[in-house]
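Novice: The working numbering puts the first residue of the sequence shown at 4, with every later residue one more than the last.
By construction, the Cβ of each residue, glycine as well, lies at the ideal position given by its N, Cα and C atoms.
Quick caveat: nothing in here was measured; it's all calculated off a predicted structure.
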Amino acid sequence: MATIHRTTLTPTKLELLAGWLPRQSWYRTGDTAPRLARAGGFRLDDPAGEVGIELMLVTDDAAGEGTAYFVPVTYRGAPLEAAAEGLIGTLEHGVLGTRWVYDAERDPLAMAQLLAFVAGAVEAQHQSQSDTLDPSVGRIWNGGDGGTVELVRVPEPGAVVAGARGTVEVDWTRPDGSTDRGVVAVVR
């Protein structure tokens with residue numbers, strides 16, 4: 004299980020994402036600068052213990068709507084050339100040093116672990132506590148081998164996904180403090 008270090012990050016995760024999110028095709032707030040808040044998420048373990056895999060939900064209240072975004076990321080100790088187009092940026096970790104932060108959709112390890120989670124081969128870990136499972140993360144698996152994971156970048160509460168072999172469902176906290184739950188990943 005991953006060790007969560009209580010240390011400084013420069014820039015912070017939200018600062019890093021605030022510069023990256025508006026450049027994404029699925030970003031809904033337009034030209035307004037994001038006002039991001041952590042809203043939920045979980046972690047998956049790298050079997051080799053080298054890469055941090057965090058499947059994060061943030062809300063953006065810049066337009067006053069509290070839009071939720073599913074932003075899974077990986078933290079690596081060196082650049083991943085095969086995923087260069089997925090680089091979000093770098094940050095300085097107070098314990099581990101420079102970390103290269105990638106959009107997990109472009110990181111083959113993260114997508115393989117997410118598929119393994121949906122299939123029941125690995126467990127979701129708490130987002131901010133070391134060595135702690137997170138049973139609140141839901142998964143449905145209809146069986147079979149392999150599949151392709153599709154991320155739902157702007158999850159909608161209670162949305163139904165037709166034709167899926169598997170799904171991942173999580174809770175997130177809205178800016179007003181209420182909680183929503185929805186699908187953030189689909190396996191086809």
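(1) Restricting to runs no shorter than 3 residues, where is the beta strand (DSSP E) found entirely within the stretch 125 to 150?
(2) Are the CB atoms of Arg109 and Leu141 within a distance shorter than 7 Å?
(3) Indicate the three-state DSSP secondary structure (helix, strand or coil) for Trp29 in the structure shown.
(4) Gly22 lies in the beta strand (DSSP E); which residues open and close that run?
(5) So, are the CB atoms of Asp31 and Thr70 less than 7 Å apart?
(6) Which ranges does the beta strand (DSSP E) cover as unbroken runs of at least 3 residues, wholly within the stretch 35 to 118, from first to last along the chain?
(7) Would you kindly work out how many angstroms separate the C-alpha atoms of Phe45 and Leu117, rounded to a whole number?
Specialist: In terms of the structure at hand:
(1) 141 to 144, all fully within the stretch 125 to 150.
(2) On the sequence shown, residue 141 is found 138 positions in, with the first residue counted as 1. On the sequence shown, residue 109 is found 106 positions in, with the first residue counted as 1. Looking at the sequence provided, one finds Gly at residue 141 rather than Leu. No, the Cβ-Cβ distance between Gly141 and Arg109 is not below 7 Å.
(3) As a working note, residue 29 is residue 26 in the sequence shown. Under the three-state reduction of DSSP output, Trp29 falls in the coil class, being neither helix nor strand.
(4) Numbered from its first residue, the sequence shown carries residue 22 at position 19. Where Gly22 is concerned, there is no enclosing beta strand (DSSP E), although the alpha helix (DSSP H) it sits in stretches over Lys16 to Trp23.
(5) On the sequence shown, position 28 is the one that residue 31 refers to. On the sequence shown, position 67 is the one that residue 70 refers to. Checking the sequence shown, residue 31 turns out to be Arg, not Asp. Against a cut-off of 7 Å, the Cβ pair of Thr70 and Arg31 comes out as a contact.
(6) List check, beta strand (DSSP E) in window: 39 to 47, 55 to 63, 70 to 79, 90 to 96 and 100 to 106.
(7) Against the sequence shown, residue 45 aligns to sequence position 42. Against the sequence shown, residue 117 aligns to sequence position 114. Going from the Cα of Phe45 to the Cα of Leu117 covers about 11 Å.
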